[in-house]
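A.B. asks: Chains A and B are the protein sequences, given in the same order.
Quick note: the first sequence uses our numbering, first residue 1, plus one each step.
Quick note: the second sequence uses our numbering, first residue 1, plus one each step.
There are 2 protein chains.
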Amino acid sequence: MASRSTQILEAAARVIARRGVRGLRVEELAAEAGVSTGLIYYHFKDRTGILRHTLEFINDRAERYTTARDPDAPPLSPREELEHTLLLELQEKEEVRENSAAWGELRSTAVFDAALREDLARATLVWVREVAALLGRVHPRAPAVTLTSAAERLTALLEGLSMRWLSGGLPVDRARELLKGAIAVELAGLDRG
Amino acid sequence: MASRSTQILEAAARVIARRGVRGLRVEELAAEAGVSTGLIYYHFKDRTGILRHTLEFINDRAERYTTARDPDAPPLSPREELEHTLLLELQEKEEVRENSAAWGELRSTAVFDAALREDLARATLVWVREVAALLGRVHPRAPAVTLTSAAERLTALLEGLSMRWLSGGLPVDRARELLKGAIAVELAGLDRG
Chain A
1 MASRSTQILE AAARVIARRG VRGLRVEELA AEAGVSTGLI YYHFKDRTGI
51 LRHTLEFIND RAERYTTARD PDAPPLSPRE ELEHTLLLEL QEKEEVRENS
101 AAWGELRSTA VFDAALREDL ARATLVWVRE VAALLGRVHP RAPAVTLTSA
151 AERLTALLEG LSMRWLSGGL PVDRARELLK GAIAVELAGL DRG
Chain B
1 MASRSTQILE AAARVIARRG VRGLRVEELA AEAGVSTGLI YYHFKDRTGI
51 LRHTLEFIND RAERYTTARD PDAPPLSPRE ELEHTLLLEL QEKEEVRENS
101 AAWGELRSTA VFDAALREDL ARATLVWVRE VAALLGRVHP RAPAVTLTSA
151 AERLTALLEG LSMRWLSGGL PVDRARELLK GAIAVELAGL DRG
């Protein structure tokens, strides 16, 4: 069973994904989580505390669903692993949609509100490093700076595609196809060295 | 001199870029534009009308600053033209920053509010076609679908990079460098056919 604080963060991700960060009121979050506002303040101190922990929560959750593998399936090649991990961020599943919407909201809130910037920059950096490591498994001799640039582009593209998908302008299958195409051109770029 | 309605839209773009769509109140917009709320309702009917016209306004303005060329400069090659047009969306200039922030806000608002979706999808399509046409000038024999996919990726990447830039996680020069790299890998992809 989820702990009380996890229960609050799950509710926060749901509320943010449904109405945005600016639609998040602590009273409403308390109702959604089925706890008192006092308990929320006890665990997270203030609104910024809630947002920072929600960011961490959705990152952990994305980490989980993008690295989940069927234990009976044959092992993936490095290239399949890379594609698999990135494409799992674009799925018509409630959890993924909610996670992407909440991430996009936290990113766009940071344009106006400096409180989240540092956490967001750190989370982005971790994500870029993970994708650079996956690219490095496909191209073990590519220089680190080249891998990092490709990873920065693929993750920023994924954010851009997610926003188009969630704002209704791009079907999820088309978004996946475009991302797959980007992986192909980036890998070809690494091939040329 | 700008007409009254342009004056209102300039103020709307400023307010949205400063505090977000959800921070836009008509009274405040009236004060920022130096007009009455009645005049705003007269020109734009309601809040959705204001947002839709602001979207159009920032698109026209982006069109203007990305196609502006020094008349005395030597003509650009198709590839230079492509790079120039895309890179002008990432500049440390008040007008560009404001435009990008307002665009990102309208995009992220559309995740929660369907009213803007159609206009946004149409504006994105126009933008994708323009970039596909520029790519087609570099690669006149590339199939239209290939050019469109590359243009969708480059514009979605530009949106993703802009959000990172505006939310403080990515210096503008690095964002430009990454975009230039993406143009290079996409063009190399078209070279291979």
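In this text, a Cβ means the ideal position worked out from N, Cα and C, and glycines have one as well.
Can you list the residues of chain A that Ala188/B reaches, using a CB-CB cut of under 9 Å?
C.D. replies: Ordered by position in chain A, the residues that pass the 9 Å Cβ test against Ala188/B are Val185, Ala188, Gly189, Arg192.
A.B. asks: According to DSSP, is Ile183/B helix, strand or coil?
C.D. replies: Helix.
A.B. asks: Under a three-way DSSP split, which group does Arg22/B fall into?
C.D. replies: It is helical.
A.B. asks: For Met163/B, which residues of its own chain have a beta-carbon under 6 Å away from its beta-carbon, when the five flanking residues on both sides are left out?
C.D. replies: Closer than 6 Å at Cβ, skipping near neighbours: Gly104.
A.B. asks: Starting from the beta carbon of Thr6/A, find every residue of chain B whose beta carbon is closer than 9 Å, and list them in chain order.
C.D. replies: Those do not exist, as Thr6/A stays about 25 Å from chain B at its closest Cβ, beyond 9 Å.
A.B. asks: Taking 8 Å as the threshold (C-beta atoms), are Leu39/A and Arg4/A in contact?
C.D. replies: Result yes, Cβ atoms of Arg4/A and Leu39/A sit closer than 8 Å.
A.B. asks: When DSSP labels each residue in this structure, what does Phe112/B get in the three-state scheme?
C.D. replies: The answer is coil: DSSP assigns Phe112/B none of H, G, I, E or B.
A.B. asks: Give the range of the alpha helix (DSSP H) segment to which Glu80/A is assigned.
C.D. replies: From DSSP, the alpha helix (DSSP H) with Glu80/A extends over 78-87.
A.B. asks: Should the segment 130-139 of chain B be called in touch with the segment 80-95 of chain B, which here means at least 3 C-beta pairs below 8 Å?
C.D. replies: Touching, yes.
A.B. asks: Looking at the C-beta of Leu161/B, does it have a partner C-beta in chain A at a distance below 8 Å?
C.D. replies: For Leu161/B, the answer is yes, since a Cβ of chain A falls inside 8 Å of its Cβ.
A.B. asks: Mind listing the chain B neighbours of Val111/A? Cutoff is C-beta to C-beta under 7 Å, in chain order.
C.D. replies: Ala101, Gly104, Leu166, Ser167, listed in chain order.
A.B. asks: May I have the straight-line CA-CA distance separating Thr124/B from Ala110/A, to the nearest angstrom?
C.D. replies: Straight-line Cα distance between these residues: approximately 23 Å.
A.B. asks: Would you mind telling me which residues of chain B sit closer than 8 Å to Thr124/A, beta carbon to beta carbon, in chain order?
C.D. replies: Result: Arg164, Gly169.
A.B. asks: Under three-state DSSP, which class holds Arg69/A?
C.D. replies: Looking at Arg69/A - three-state DSSP - the assignment turns out to be coil, as it is neither helix nor strand.
A.B. asks: Is the distance from the Cβ of Leu157/B to the Cβ of Ala182/B below 8 Å?
C.D. replies: Going by C-beta atoms, Leu157/B is nearer than 8 Å to Ala182/B.
A.B. asks: Of all the CB atoms in chain A, is at least one closer than 8 Å to the CB of Leu178/B?
C.D. replies: Interface residue, yes.
A.B. asks: Assuming Leu39/A is part of the alpha helix (DSSP H), what are its boundary residues?
C.D. replies: Where Leu39/A is concerned, the enclosing alpha helix (DSSP H) stretches over 37-44.
A.B. asks: Between Ser108/B and chain A, is the shortest Cβ-Cβ distance under 8 Å, so that the two count as touching?
C.D. replies: Chain A contact via Cβ: present.
A.B. asks: Identify whether Gly168/B lies in helix, strand or coil by the three-state DSSP scheme.
C.D. replies: Correct three-state label for Gly168/B: coil.
A.B. asks: Considering Cα atoms alone, identify which of Arg174/B, Ala2/B, Gly169/B is closest to Ala114/A.
C.D. replies: When each option's Cα is compared against that of Ala114/A, the closest is Gly169/B.
A.B. asks: Check the Cβ of Leu157/A against every Cβ in chain B and list those closer than 7 Å, keeping chain order.
C.D. replies: Residues of chain B passing the Cβ test: Arg153, Ala156, Leu157, Gly160.
A.B. asks: Under a three-way DSSP split, which group does Ser5/A fall into?
C.D. replies: Note: Ser5/A maps to helix in three-state DSSP.
A.B. asks: Less than 8 Å between CB atoms is the rule here; does Arg129/A satisfy it with respect to chain B?
C.D. replies: No, no contact with chain B.
A.B. asks: List, in order along the chain, the chain B residues whose C-beta lies closer than 9 Å to that of Ala19/A?
C.D. replies: Note that residue 19/A is Arg in the sequence shown here, rather than Ala. Residues of chain B passing the Cβ test: Phe112.
A.B. asks: Quick check on Glu186/A: buried or exposed, where buried means 16 or more other Cβ atoms within 10 Å of its Cβ?
C.D. replies: Buried.
A.B. asks: Suppose only complete runs of 4+ residues qualify. What are the alpha helix (DSSP H) ranges in the segment 122-170 of chain A, listed by chain order?
C.D. replies: You should have 144-166.
A.B. asks: Is Gly34/A helix, strand or coil by DSSP?
C.D. replies: Coil.
A.B. asks: Which residue wins for smallest C-alpha separation from Ser149/A, given the options Glu98/B, Arg176/B, Thr146/B?
C.D. replies: Of the listed residues, the one whose Cα sits closest to Ser149/A is Arg176/B.
A.B. asks: Taking C-beta to C-beta, are Glu90/A and Thr66/A nearer than 8 Å?
C.D. replies: In the sequence as presented, Glu is not what sits at residue 90/A; that position holds Leu. In this structure, Thr66/A does not lie closer than 8 Å to Leu90/A by Cβ.
A.B. asks: Nearest by alpha-carbon distance to Leu55/A: which of Arg107/A, Asp46/A, Arg25/A is it?
C.D. replies: Nearest C-alpha to Leu55/A: Arg107/A.
A.B. asks: Within its chain, find whatever has a CB closer than 7 Å to the CB of Met1/A; leave out the 5 residues flanking it on each side and keep chain order.
C.D. replies: Below a pLDDT of 50, predicted positions are generally treated as unreliable, and Met1/A, at 48, falls in that range; the measurement from the model is reported next regardless. Taken in chain order, the list of residues that qualify is empty.
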